[in-house]
Amino acid sequence: MVPLLQTHRLTLRPLNISDAPALFEARNDPEVMRYWDWPPQATVDDVSRIIADHGKAIARGNVLWWAIALSPDGLAIGECDISEIDLHNRRAEIGFLFRQASWGKGYAKEAMKCVIAHAFGPLELERLSARIHAGNSRARRLLEKLGFSYEGMLRGYVLREGLRIDCQMLGLLRDGR
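With my numbering, letter number 86 in the sequence shown gets 439, and the count goes up by one each step, no holes.
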């Protein structure tokens, strides 16, 4: 079960198919999707299918996925997740995506602080990782502000549109190391 989370300005609510039209604004934008594993989605139906496909992983507890909004019933301005949840090893990966109109307002930092607190609190995880495409300096700066440390390069880790993409791995331990 994906819990409802609140910050000072944001509501992180369980992602739903009804969020697809608002998320399409981000997921259809080539600049937003520039450093994502998948190219921009062409239709709202494509975004709906992605949300539906993740339902099984969410039901198994392998993924927590939120729509981020400025109010509980507001339109999604972004999304974030905890994925690859491994309770035995107490680790997971985090990710985030925001539409361009929401960039530079501190929303990503605020949302991810909340997600990290949830991961290290109620989920009792001890390690988080974040994988970003090489060259995504905005995401790397944000992750470093959140305490993540660079751990290395994953050469040719992602295949996107026929090209092998290098990814950088950053990590954060609950004790701050």
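Positions of the beta carbon are idealized from the N, C-alpha and C atoms, including for glycine.
Continuous beta strand (DSSP E) stretch holding residue i: start and end
i	result
Y295	The requested residue 295 is not part of the displayed model; the chain covers only 354 to 530.
L481	480-486
R493	Not the beta strand (DSSP E): R493 falls in the alpha helix (DSSP H), residues 490-498.
D528	First-last for D528: undefined, no H or E at that position.
G457	Looking at the DSSP string, G457 is not in any beta strand (DSSP E), and its letter there is neither H nor E.
L363	L363 -> no beta strand (DSSP E), and no H or E assigned at all.
Y503	502-513
Exposure label - residue i; buried when at least 16 CB within 10 Å
i	result
L514	Before going further, note that residue 514 is Glu rather than Leu in the sequence given. Answer is exposed; the Cβ neighbour count stays below 16.
Q531	As shown, the chain starts at 354 and ends at 530. That puts residue 531 outside it, with no answer to give.
A492	buried
L365	buried
Q394	buried
A345	Residue coverage of the chain in this structure runs from 354 to 530, which leaves residue 345 outside it and unanswerable.
I370	exposed
Supposed close pair residue i, residue j - CB separation, criterion 8 Å
i	j	result
G431	L417	At roughly 15 Å, the Cβ-Cβ gap does not stay under 8 Å, so G431 and L417 are not in contact.
E504	G488	About 17 Å; that fails the 8 Å criterion.
E404	A373	Note on residue identity: the sequence assigns Ile, not Glu, to residue 404. The Cβ separation is near 6 Å, so the contact holds.
L526	R480	5 Å
L423	L363	7 Å
M522	L512	Between L512 and M522 the Cβ distance is about 17 Å, and since that is not below 8 Å, they are no contact.
Terminal residues of the alpha helix (DSSP H) in which residue i lies
i	result
F377	373-380
Does the count of Cβ pairs from the region 469-486 and the region 398-411 closer than 8 Å reach three? The region 469-486 is not in contact with the region 398-411.
Decide if the region 454-471 is in contact with the region 488-500; the criterion is three or more beta carbon pairs, one per stretch, under 8 Å apart. yes
For the region 407-417 against the region 376-395, are there 3 or more C-beta pairs whose distance is under 8 Å? no
What runs of the alpha helix (DSSP H), each 4 residues or longer, lie entirely inside the region 399-454? 408-413, all fully within the region 399-454.
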